Amino acid sequence: MKYPEIKTDKVSPLGFPCKKAVYHTREEALDMIRYLDEQRTSKPIRPYKCPVCGFWHFTSRTDKA
Ligand SMILES: [Zn+2]
Numbered sequence: 001m002k003y004p005e006i007k008t009d010k011v012s013p014l015g016f017p018c019k020k021a022v023y024h025t026r027e028e029a030l031d032m033i034r035y036l037d038e039q040r041t042s043k044p045i046r047p048y049k050c051p052v053c054g055f056w057h058f059t060s061r062t063d064k065a
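Read in order, the letters of the sequence shown correspond to residues 1 to 65 in the numbering used here.
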């Protein structure tokens with residue numbers, strides 16, 4: 001697996017393809033999922049790597065996508 005080299009968290013909002021919250025790494029996404037699980041404010045979710053922007057988003061575990 002090759003990941004894009006992203007050195008900054010200042011991603012330009014201009015032209016950014018995704019409106020969802022993005023996480024730069026799977027670990028970062030998993031950290032947030034752990035936090036959300038503790039808060040029990042959300043449905044079960046899992047991270048997935050977005051083919052559009054190359055970052056990570058969350059999706060419901062019940063989604064087939
Ligand atoms: Zn995306």
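Backbone N, C-alpha and C fix where the C-beta goes; we use that ideal spot for every residue, glycine too.
Source: prediction; values computed, not measured.
Just tell me which of Arg61, Ser60, Thr62 and Val52 has its CA closest to the CA of Lys19. Val52
Between the CA atoms of Cys50 and Tyr23 - distance to the nearest angstrom: Answer to the nearest angstrom: the Cα atoms are 10 Å apart.
Going by the C-beta, is His24 closer than 7 Å to any heavy atom of ligand 1? His24: no, Cβ never under 7 Å from ligand 1.
Relative to ligand 1, is the shortest distance from any of its heavy atoms to the C-beta of Pro17 smaller than 7 Å? Distance from the C-beta of Pro17 to the nearest heavy atom of ligand 1 is below 7 Å.
Quick check on the DSSP output: the alpha helix (DSSP H) that includes Arg34 runs from which residue to which? Arg26 to Gln39
Measure the CB-CB distance between Phe55 and Ile45 and report whether it falls below 8 Å. no
How far does the beta strand (DSSP E) with Thr62 in it extend, from its first residue to its last? It is not in any beta strand (DSSP E) - Thr62 carries neither H nor E in the DSSP assignment.
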